[in-house]
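Novice: All residue numbers for the sequence shown refer to the numbering used here, where the first residue is 74 and numbers rise by one. Every residue, glycine too, gets a C-beta built ideally from N, C-alpha and C.
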Amino acid sequence: MELSARERLVRVGQPGLKASHAACVLECRNVTAYRGGTLVFNGLDLCIGQGVNTAIVGPNGSGKSTLLKLISRELYPVFSEGSRLLVYGRDRWNVEELRSHLGIVSQDLQEEYIRQAKGRDVMLSGYYSSIDTWPHQRFTMSELELAESLMEQLGIAELADRPFGRMSTGQQRRFLLGRALVHEPEALLLDEPTSGLDLSATIRYIETIRALMRSGTQLILVTHHLHEIPPEISRLVFIDQGRVVADGDKECLLTSGMVSALFGCRVEVVSGNGFYHAVPAGT
Ligand SMILES: Nc1ncnc2c1ncn2[C@@H]1O[C@H](COP(=O)(O)OP(=O)(O)O)[C@@H](O)[C@H]1O
Ligand SMILES: [Mg+2]
Numbered sequence: 074m075e076l077s078a079r080e081r082l083v084r085v086g087q088p089g090l091k092a093s094h095a096a097c098v099l100e101c102r103n104v105t106a107y108r109g110g111t112l113v114f115n116g117l118d119l120c121i122g123q124g125v126n127t128a129i130v131g132p133n134g135s136g137k138s139t140l141l142k143l144i145s146r147e148l149y150p151v152f153s154e155g156s157r158l159l160v161y162g163r164d165r166w167n168v169e170e171l172r173s174h175l176g177i178v179s180q181d182l183q184e185e186y187i188r189q190a191k192g193r194d195v196m197l198s199g200y201y202s203s204i205d206t207w208p209h210q211r212f213t214m215s216e217l218e219l220a221e222s223l224m225e226q227l228g229i230a231e232l233a234d235r236p237f238g239r240m241s242t243g244q245q246r247r248f249l250l251g252r253a254l255v256h257e258p259e260a261l262l263l264d265e266p267t268s269g270l271d272l273s274a275t276i277r278y279i280e281t282i283r284a285l286m287r288s289g290t291q292l293i294l295v296t297h298h299l300h301e302i303p304p305e306i307s308r309l310v311f312i313d314q315g316r317v318v319a320d321g322d323k324e325c326l327l328t329s330g331m332v333s334a335l336f337g338c339r340v341e342v343v344s345g346n347g348f349y350h351a352v353p354a355g356t
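#1: Where DSSP assigns a beta bridge to histidine 350, which residues make up the other side?
#2: Hey, leucine 358 and glycine 243 are a contact pair by Cβ (cut 8 Å); roughly how many whole angstroms apart?
#3: Which residues neighbour ligand 1 when neighbourhood means a C-beta less than 5 Å away from any of its non-hydrogen atoms? List them by chain order.
#4: Return the first residue and the last residue of the alpha helix (DSSP H) that tyrosine 107 is part of.
#5: I need the boundaries of the beta strand (DSSP E) containing arginine 277, first residue and last residue.
#6: Mapping DSSP to helix, strand and coil, what is aspartate 264?
#7: Express the C-alpha separation of glycine 134 and asparagine 126 in angstroms, rounding to a whole number.
#8: Which of helix, strand or coil does DSSP assign to valine 255?
#9: Along the alpha helix (DSSP H) that carries cysteine 325, what are the first and last residues, could you check?
#10: Would you check if the distance between the CB atom of leucine 292 and the CB atom of isoleucine 306 is smaller than 9 Å?
#11: State yes or no: is the C-beta of glutamate 218 within less than 9 Å of the C-beta of alanine 230?
#12: Who are the near neighbours of threonine 111 in its chain, counting only those whose CB is closer than 8 Å to its CB and skipping five residues on each side?
#13: Could you pull out every residue in the same chain whose Cβ sits closer than 6 Å to the Cβ of alanine 190, ignoring the five residues on either side in sequence?
#14: Should arginine 163 go down as buried or exposed, given a rule of 16 or more other Cβ atoms within 10 Å for buried?
#15: Return the CA-CA distance between arginine 211 and valine 98, expressed in angstroms with no decimal places.
#16: Who does alanine 319 pair with in a DSSP beta bridge?
#17: Output needed for glutamate 170: all residues of its chain with C-beta closer than 6 Å, excluding positions within five of it in sequence on either side, in chain order.
#18: Cβ of glutamine 123 within 8 Å of any heavy atom in ligand 2?
#19: Alpha carbon to alpha carbon, how far is tyrosine 278 from threonine 267?
#20: Excluding the 5 residues preceding and the 5 following valine 332 in the sequence, name in chain order all residues of the same chain whose CB lies nearer than 6 Å to its CB.
#21: Decide if isoleucine 282 is buried, meaning its Cβ has at least 16 other Cβ atoms within 10 Å, or exposed.
#22: Could you tell me which of Gln123, Ala96, Ala128 and Asp194 sits nearest to threonine 296, measuring between CA atoms?
#23: Please work out which residues of its chain come closer than 7 Å, Cβ to Cβ, to methionine 196, disregarding the five sequence neighbours upstream and downstream, and give them in chain order.
#24: Mind checking which residues open and close the alpha helix (DSSP H) that includes arginine 193?
#25: Under a three-way DSSP split, which group does valine 125 fall into?
#26: Quick one: what's got a C-beta closer than 6 Å to arginine 193's C-beta in the same chain, skipping five residues either side?
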């Protein structure tokens, strides 16, 4: 029987369900979730092990941002017998506690962030997981110092007093990264981190992420841009229509055939300096 491209992917991929609970940043078993009236996940199984730099790759609408919302508890899965969604082995977290394990930079956050908030306040708001800072919030000297030091490291210190709405997309993205980093999280979860950035901002951002990985921060990347997958990412998960369709080593998955099948178009995957790119396949 002839298999469709997507069915073939399932056969080629190796399900990544072997990690034990304690060693998982994320463990989804038979997770079902809706966005509005749309069924996005119908029995999702996925484990992301601690310390493994991982990219979740899929076309538009495949459920990548929804997965982030499930992890950050902006969205809850449908309860059913035998289903579970554990983050660091737990199904209940208070948001503040979770932030010290997992720093999340979502696309929505950038769109929703208060335009008038000053850069420094964007950083400091990370301590309370708030949007902007508020008069009742108090910051210790060491929290203030860490925020200043992170702005220096991220090259945005001179923008500390600029309103968020008057920054470039790349500058905003750096402040939101800084906001996630004030908790010095074990892992960072980024949603299409370089989309909307120009070439130099993209390269600078990737360099920053690579430096964080070198200093021991785990990266979990959610994207459809192959070029933003840093060489340090070793594991890939392909998702499509809310399902894991392939899961394994990056080198095995980032082939012309696999990527063409995932996105439903003929591409050639080229690589250089540990990065990958998809170009239209030749005739
Ligand atoms: N607010 C919403 N209401 C209804 N459906 C939604 C909403 N947001 C997203 N969806 C649908 O959920 C599915 C997954 O979307 P999303 O997680 O944003 O995909 P991705 O990030 O991979 O592009 C898509 O079919 C999308 O149309
Ligand atoms: Mg998305």
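Specialist: According to the data block:
#1: Here residue 350 refers to the residue found at position 277 when the sequence shown is read from its first residue. Bridge partners of histidine 350: Val343.
#2: Outside the modelled stretch of the chain, which goes from 74 to 356, sits residue 358, for which no answer is possible.
#3: Arg108, Gly109, Thr111, Val113, Asn133, Gly134, Ser135, Gly136, Lys137, Ser138 and Thr139
#4: As a working note, residue 107 is residue 34 in the sequence shown. Element bounds for tyrosine 107: not the alpha helix (DSSP H) but the beta strand (DSSP E), 97-108.
#5: The residue labelled residue 277 in the question sits at position 204 within the sequence shown. Segment 272-287 is the alpha helix (DSSP H) holding arginine 277; no beta strand (DSSP E) there.
#6: The count along the sequence shown starts at 1 and reaches residue 264 at position 191. Correct three-state label for aspartate 264: strand.
#7: Position 53 of the sequence shown, counting from 1, holds the residue named residue 126. Position 61 of the sequence shown, counting from 1, holds the residue named residue 134. Roughly 23 Å between the two C-alpha positions.
#8: Numbered from its first residue, the sequence shown carries residue 255 at position 182. Note: valine 255 maps to coil in three-state DSSP.
#9: Indexing the sequence shown from 1 puts residue 325 at position 252. First-last of the alpha helix (DSSP H) with cysteine 325: 323-326.
#10: By one-based count along the sequence shown, residue 292 stands at place 219. By one-based count along the sequence shown, residue 306 stands at place 233. Contact flag set, yes.
#11: Along the sequence shown, one-based indexing puts residue 218 at 145. Along the sequence shown, one-based indexing puts residue 230 at 157. No, the Cβ-Cβ distance between glutamate 218 and alanine 230 is not below 9 Å.
#12: As a position in the sequence shown, residue 111 is number 38, starting the count at 1. Excluding positions up to five away in sequence, the list is empty.
#13: Locating residue 190 in the sequence shown gives position 117, where the first residue counts as 1. The answer, listed in chain order, is Asp205 and Phe237.
#14: By 1-based counting over the sequence shown, the position of residue 163 is 90. Per the 10 Å Cβ criterion, exposed.
#15: Working through the sequence shown from its first residue, we reach residue 211 at position 138. Working through the sequence shown from its first residue, we reach residue 98 at position 25. Cα to Cα, the separation comes out at about 30 Å.
#16: The sequence position of residue 319 within the sequence shown is 246, counting from 1. Phe311.
#17: Within the sequence shown, the letter at position 97 stands for residue 170. None.
#18: As a working mapping, residue 123 is identified with position 50 in the sequence shown. No, since every heavy atom of ligand 2 falls outside the 8 Å radius drawn around the Cβ of glutamine 123.
#19: Position 205 of the sequence shown, counted from the first residue, corresponds to residue 278. Position 194 of the sequence shown, counted from the first residue, corresponds to residue 267. Each residue's alpha carbon lies about 7 Å from the other.
#20: Residue 332 sits at position 259 when you count from the first residue of the sequence shown. Cβ neighbours of valine 332 beyond the five flanking positions: Val340, Val342 and Ala351.
#21: Indexing the sequence shown from 1 puts residue 282 at position 209. Isoleucine 282 is buried by the Cβ-count criterion.
#22: In the sequence shown, counting from the first residue as 1, residue 296 sits at position 223. Out of Gln123, Ala96, Ala128 and Asp194, Ala128 has the C-alpha closest to the C-alpha of threonine 296.
#23: If you number the sequence shown from 1, residue 196 lands on position 123. The answer, listed in chain order, is Ala220, Leu223, Met224, Phe248, Gly251, Arg252 and Val255.
#24: As a working mapping, residue 193 is identified with position 120 in the sequence shown. It spans 192-197 - the alpha helix (DSSP H) in which arginine 193 sits, taken as one unbroken run.
#25: Counting from one through the sequence shown, the residue named residue 125 turns up at place 52. Correct three-state label for valine 125: coil.
#26: One-based indexing of the sequence shown puts residue 193 at position 120. Only Ala233 meet the Cβ criterion.
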